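Note that full-length UniProt numbering numbers the sequence shown so that position 32 is 32, with each residue one more than the last.
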Amino acid sequence: MDLRERLERLVEIDRPKLYVMGAGIGILLSIIGVWLTPVAADIGRRHMDWLYGVGEATLVAGCALTLLCVVMIVAES
(Lines of atoms letter the chains of each structure in order from A; the text may use other names.)
(Lines give C-alpha, C1' and ligand atoms only; values in the text may rest on other atoms or scores of the structure.)
Protein backbone atom coordinates (compact mmCIF):
# COMPACT_ATOMS: atom_id res chain seq x y z
CA MET A 1 0.00 0.00 0.00
CA ASP A 2 1.59 3.27 -1.05
CA LEU A 3 1.13 6.69 0.48
CA ARG A 4 -1.59 7.79 -1.93
CA GLU A 5 -3.77 4.76 -1.16
CA ARG A 6 -3.32 5.32 2.56
CA LEU A 7 -4.34 8.98 2.27
CA GLU A 8 -7.42 8.08 0.21
CA ARG A 9 -8.41 5.46 2.76
CA LEU A 10 -7.90 7.90 5.64
CA VAL A 11 -10.09 10.52 3.95
CA GLU A 12 -12.83 7.94 3.34
CA ILE A 13 -12.78 6.87 6.98
CA ASP A 14 -12.69 10.38 8.45
CA ARG A 15 -15.05 12.07 6.00
CA PRO A 16 -17.92 12.48 8.54
CA LYS A 17 -15.48 14.02 11.02
CA LEU A 18 -14.33 16.46 8.35
CA TYR A 19 -17.94 17.47 7.65
CA VAL A 20 -18.64 18.03 11.35
CA MET A 21 -15.46 20.08 11.67
CA GLY A 22 -16.45 22.11 8.60
CA ALA A 23 -19.88 22.77 10.10
CA GLY A 24 -18.21 23.92 13.33
CA ILE A 25 -15.99 26.30 11.38
CA GLY A 26 -19.09 27.60 9.58
CA ILE A 27 -20.81 28.26 12.90
CA LEU A 28 -17.74 30.12 14.16
CA LEU A 29 -17.67 32.23 10.98
CA SER A 30 -21.34 33.05 11.49
CA ILE A 31 -20.70 34.11 15.08
CA ILE A 32 -17.84 36.36 13.95
CA GLY A 33 -20.09 37.87 11.27
CA VAL A 34 -22.88 38.52 13.77
CA TRP A 35 -20.34 40.17 16.09
CA LEU A 36 -18.74 42.35 13.41
CA THR A 37 -21.99 43.87 12.18
CA PRO A 38 -23.03 45.62 15.44
CA VAL A 39 -19.41 46.57 16.14
CA ALA A 40 -19.39 48.45 12.85
CA ALA A 41 -22.71 50.09 13.71
CA ASP A 42 -21.41 51.18 17.14
CA ILE A 43 -18.16 52.62 15.78
CA GLY A 44 -19.92 54.85 13.29
CA ARG A 45 -21.73 54.25 10.05
CA ARG A 46 -19.78 56.81 8.04
CA HIS A 47 -16.38 55.27 8.41
CA MET A 48 -17.21 51.62 8.93
CA ASP A 49 -19.37 50.69 5.95
CA TRP A 50 -16.67 48.28 4.79
CA LEU A 51 -16.63 46.54 8.19
CA TYR A 52 -20.39 46.17 8.06
CA GLY A 53 -20.05 44.56 4.62
CA VAL A 54 -17.30 42.24 5.87
CA GLY A 55 -19.53 41.21 8.77
CA GLU A 56 -22.43 40.42 6.47
CA ALA A 57 -20.20 38.52 4.03
CA THR A 58 -18.67 36.50 6.88
CA LEU A 59 -22.13 35.68 8.21
CA VAL A 60 -23.34 34.51 4.79
CA ALA A 61 -20.18 32.45 4.18
CA GLY A 62 -20.49 30.79 7.59
CA CYS A 63 -24.15 29.94 7.03
CA ALA A 64 -23.43 28.55 3.57
CA LEU A 65 -20.56 26.40 4.85
CA THR A 66 -22.65 25.08 7.72
CA LEU A 67 -25.59 24.23 5.46
CA LEU A 68 -23.31 22.54 2.93
CA CYS A 69 -21.70 20.39 5.62
CA VAL A 70 -25.08 19.44 7.11
CA VAL A 71 -26.33 18.41 3.66
CA MET A 72 -23.20 16.32 3.12
CA ILE A 73 -23.59 14.65 6.53
CA VAL A 74 -27.21 13.75 5.73
CA ALA A 75 -26.24 12.52 2.26
CA GLU A 76 -23.53 10.26 3.71
CA SER A 77 -25.90 8.60 6.19
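Virtual Cβ for every residue (Gly too), placed ideally from N, Cα, C. It should be emphasised that the depicted structure is a prediction, and the values quoted were computed from it without experimental measurement.
Residue i, enclosing alpha helix (DSSP H) - first and last residue
i, result
"M48", "Per DSSP, M48 belongs to no alpha helix (DSSP H) and is neither H nor E."
Cβ-based burial, residue i [other Cβ within 10 Å; buried from 16]
i, result
"G33", "buried"
"S77", "exposed"
"A23", "buried"
Proximity of residue i and residue j at Cβ, strictly below 7 Å
i, j, result
"L3", "S30", "no"
(request) Could you tell me which uninterrupted beta strand (DSSP E) segments, each at least 3 residues in length, are contained entirely in the region 1-41, listed from first to last along the chain? (result) none
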